[in-house]
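Asker: For what it's worth, this note's numbering labels the leading residue of the sequence shown as 830, then goes sequentially.
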Amino acid sequence: MNDFIPAPASDETDGEFADPLMAEPPHPINWNLLTAEDAEVEWLELNRWVDWLRKTYGLPAAVVPPAWFRHPELLWELSALHLHWLCAYDPEENGSAPLGWHRDFADARERLRDWVATSGTRLDRDRPTRQTTWPGEEPAAPIEDTPIVNRDSEFVDFIMADVARRREAEDAFYANLNPGTGEVS
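1. In chain order, what residues of the same chain lie with their CB nearer than 7 Å to the CB of ASP933, ignoring the 5 residues before and after it?
2. Can you check which of these residues, ALA998, LEU915 and ALA969, is closest to LEU863 by C-alpha distance?
3. So if DSSP puts THR950 in a beta bridge, which residue, or which two residues, is it bridged to?
4. Using a Cβ-Cβ cutoff of less than 8 Å, which residues in the same chain neighbour ARG959 once the five nearest sequence positions on both sides are dropped?
5. Does DSSP classify ASP974 as helix, strand or coil?
6. Using beta-carbon positions only, say whether ARG883 and VAL893 come within less than 8 Å of one another.
7. Is the region 978-997 touching the region 924-938, taking contact as three or more C-beta pairs under 8 Å?
8. Pick helix, strand or coil for ASP991, following the three-state DSSP scheme.
9. Since SER925 is in the alpha helix (DSSP H), which residue starts that stretch and which ends it?
10. Specify the secondary structure class of LEU862 as computed by DSSP and reduced to three states.
11. Could you name the residues that DSSP lists as bridge partners for ASP955?
12. Given a cut-off of 8 Å, decide if ILE858 and SER908 are closer than it, judged by their beta-carbon atoms.
13. Pick helix, strand or coil for LEU888, following the three-state DSSP scheme.
14. Just to confirm the assignment, what range does the alpha helix (DSSP H) spanning PRO901 have?
15. Buried or exposed for PHE898, please, with buried defined as at least 16 other CB atoms from any protein chain shown within 10 angstroms of its CB.
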């Protein structure tokens, strides 16, 4: 349930969670299977929560970098942490659930630090996470850092591209359905 919203940590965050995007109970998110419409909602909701999290807990870029959304390892960890937080702070949950969340949050911060260090993303620049080339695979293209100039506009551009890619895949799938049987032709 996402209608339980924490009190803002400061005046800067007033109203940040006043209009939740999700009106359904929390559930695990499989980012690989989301429709374009669902992905847009989930991205925006997670982004708002990650912003709240980093401000509330004073997290450095070594734990949650500005371009976290470009790194699947950070996306999956933060998404799971968000779900855990939603469940821990659900009004129907028992009173010790938030302590469990904070214990798990400490573990998650260590994993996030490791992945941020491995990926090479920083406060002011980003690069794709390096991939190890296995024997027989084509060598990976050289990876270069790109500056992060305006994080919010880069997030919006990234999400728009992701949603467009998903919508294109959906359109292609539905274009191949046989109208009579509903099966892929």
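Quick reminder that beta carbons are idealized off the backbone N, C-alpha and C, glycines included.
What you are looking at is a predicted structure, and each value in this text was computed from that prediction instead of being measured.
Answerer: The relevant details are as follows:
1. HIS913
2. Out of ALA998, LEU915 and ALA969, the CA that lies nearest to the CA of LEU863 is found in ALA998.
3. Beta-bridge pairing by DSSP links THR950 to no other residue.
4. The residues are THR947, SER948, GLY949, ALA969 and ILE972.
5. In the structure shown, ASP974 sits in coil (DSSP, three-state: anything other than H, G, I, E or B).
6. yes
7. no
8. helix
9. Looking at the DSSP string, SER925 is not in any alpha helix (DSSP H), and its letter there is neither H nor E.
10. coil
11. According to the DSSP secondary-structure assignment, ASP955 is paired through a beta bridge with THR975.
12. yes
13. coil
14. 901-917
15. buried
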